[in-house]
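Student: In our numbering, the protein residues as written are 5 to 122. Encoded as structure tokens, here's the structure I'll be asking about.
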């Protein structure tokens with residue numbers, strides 16, 4: 005069992021940056037792919053990025069390339085999402101997820117709200 009807790013969300017202005025964190029419980033963090041998703045009001049959950057177990061490879065949704073960066077620190081059981089040049093359309097609840105495969109996700113955090121004002 006893995007429990008995930010996101011933090012770092014908040015209210016920012018367009019053009020600002022935020023770094024989200026997701027801390028995992030347990031001693032098997034390094035056994036999981038980690039991913040970030042978001043869900044805006046009235047929209048489906050959207051995949052943003054994922055990172056493999058040792059952090060050596062990342063994959064991004066096309067729309068996120070260049071502005072968002074995923075990273076992880078296995079010693080701290082933490083995955084990060086650095087978000088730059090934020091836009092109002094980035095407003096959403098952001099979730100982290102863990103999975104033993106990069107295409108399916110077994111565990112989810114409760115989400116952290118990001119609101120970008122224009």
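Here a beta-carbon is modelled for each residue, glycine too, at the ideal position from N, C-alpha and C. Computed from a prediction, not measured in an experiment: that's the story for all the values here.
So, residue 113 versus residue 15, is the Cβ gap smaller than 8 Å?
Tutor: The residue given as residue 113 occupies position 109 in the chain shown. The residue given as residue 15 occupies position 11 in the chain shown. The answer is no: Cβ separation not under 8 Å.
Student: Please return the same chain residues whose Cβ sits closer than 7 Å to the Cβ of residue 73, not counting the five positions on each side in sequence.
Tutor: Start at 1 with the first residue of the chain shown, and residue 73 comes out as number 69. 86, listed in sequence order.
Student: Under 8 Å by Cβ, that's how I've got residue 41 and residue 99 pegged, so tell me the actual separation to the nearest angstrom.
Tutor: Numbered from 1 along the chain shown, position 37 holds the residue referred to as residue 41. Numbered from 1 along the chain shown, position 95 holds the residue referred to as residue 99. Residue 41 to residue 99, Cβ: 5 Å. Contact.
Student: Following the continuous beta strand (DSSP E) through residue 76, name the residue where it begins and the one where it ends.
Tutor: Numbered from its first residue, the chain shown carries residue 76 at position 72. Note, residue 76: beta strand (DSSP E), 72-77.
Student: Do residue 44 and residue 102 have their beta-carbon atoms positioned less than 8 Å apart in this structure?
Tutor: To locate residue 102, count along the chain shown from 1; it is residue 98. To locate residue 44, count along the chain shown from 1; it is residue 40. Result no, Cβ atoms of residue 102 and residue 44 do not sit closer than 8 Å.
Student: Just mark residue 28 as buried or exposed, buried being the case when its beta carbon has 16 or more other beta carbons within 10 Å.
Tutor: Walking along the chain shown from the start, residue 28 turns up at place 24. Buried, since its Cβ has 16 or more Cβ neighbours within 10 Å.
Student: From which residue to which residue does the beta strand (DSSP E) around residue 41 run?
Tutor: Walking along the chain shown from the start, residue 41 turns up at place 37. Note, residue 41: beta strand (DSSP E), 37-43.
Student: Compute the Euclidean distance between the alpha carbons of residue 26 and residue 108, then round it to the nearest angstrom.
Tutor: What you label residue 26 is simply residue 22 of the chain shown in a count that begins at 1. What you label residue 108 is simply residue 104 of the chain shown in a count that begins at 1. When rounded, the distance between both Cα atoms is 18 Å.
Student: Can you give me the C-alpha to C-alpha distance between residue 56 and residue 82, rounded to a whole angstrom?
Tutor: Against the chain shown, residue 56 aligns to sequence position 52. Against the chain shown, residue 82 aligns to sequence position 78. Answer to the nearest angstrom: the Cα atoms are 13 Å apart.
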